[in-house]
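Undergrad: Sharing a structure below in structure tokens format, with a few things to ask.
Residue numbers (this note's numbering): 61 to 214.
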């Protein structure tokens, strides 16, 4: 296997892997090898012919392989587009269902609004009694002479 063919196989394998045509790099390499093995029969017959004819056949095989790759890419693109359209339809259907549920909830809320609520008994505010330590004291209520000791300190 010459270096040019090996290089093309590796390049094709990486492209196949990049575009998700193969699950693993080994699968991609086998697929790329298969593509170049199919075109190898044409290359063997080319070697018997003149060098000018060889380049024409190599270009044709390169064109064929590139066309195969393009077709594979197009097939996968169509597959993904179909999957996306299915997902879009499902999302639109869910949005429609969500809107209908919202409308039903709003209708129920409007139906419940006209009902008369029973009147509740009004609460009377409780009058709090003053606590002896925290009551409403005025400065005139407390004698300052009783609060401070002005006698001698021993």
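For glycine and all other residues, C-beta sits at the position ideal for the given N, C-alpha and C.
Counting C-beta neighbours from all protein chains within 10 Å, is the total for residue 204 16 or more, i.e. buried, or is it exposed?
TA: As a working mapping, residue 204 is identified with position 144 in the chain shown. It counts as exposed.
Undergrad: What residue does the alpha helix (DSSP H) around residue 74 start on, and which one ends it?
TA: Against the chain shown, residue 74 aligns to sequence position 14. Run containing residue 74: 63-78, per the alpha helix (DSSP H) assignment.
Undergrad: Leaving aside the five residues before and after residue 193 along the sequence, list all residues of the same chain whose C-beta is less than 6 Å from its C-beta, in chain order.
TA: Indexing the chain shown from 1 puts residue 193 at position 133. Nothing listed; no residue qualifies.
Undergrad: What residue range is occupied by the uninterrupted alpha helix (DSSP H) comprising residue 97?
TA: Counted from its first residue, the chain shown places residue 97 at position 37. From DSSP, the alpha helix (DSSP H) with residue 97 extends over 85-98.
Undergrad: Rounded to whole angstroms, what's the CA-CA distance from residue 149 to residue 135? Just pull it up for me.
TA: As a working note, residue 149 is residue 89 in the chain shown. As a working note, residue 135 is residue 75 in the chain shown. Taking the straight line from one Cα to the other gives about 21 Å.
Undergrad: Nearest-angstrom Cα distance between residue 147 and residue 130?
TA: Your numbering for residue 147 matches position 87 in the chain shown. Your numbering for residue 130 matches position 70 in the chain shown. Their Cα atoms are separated by approximately 26 Å.
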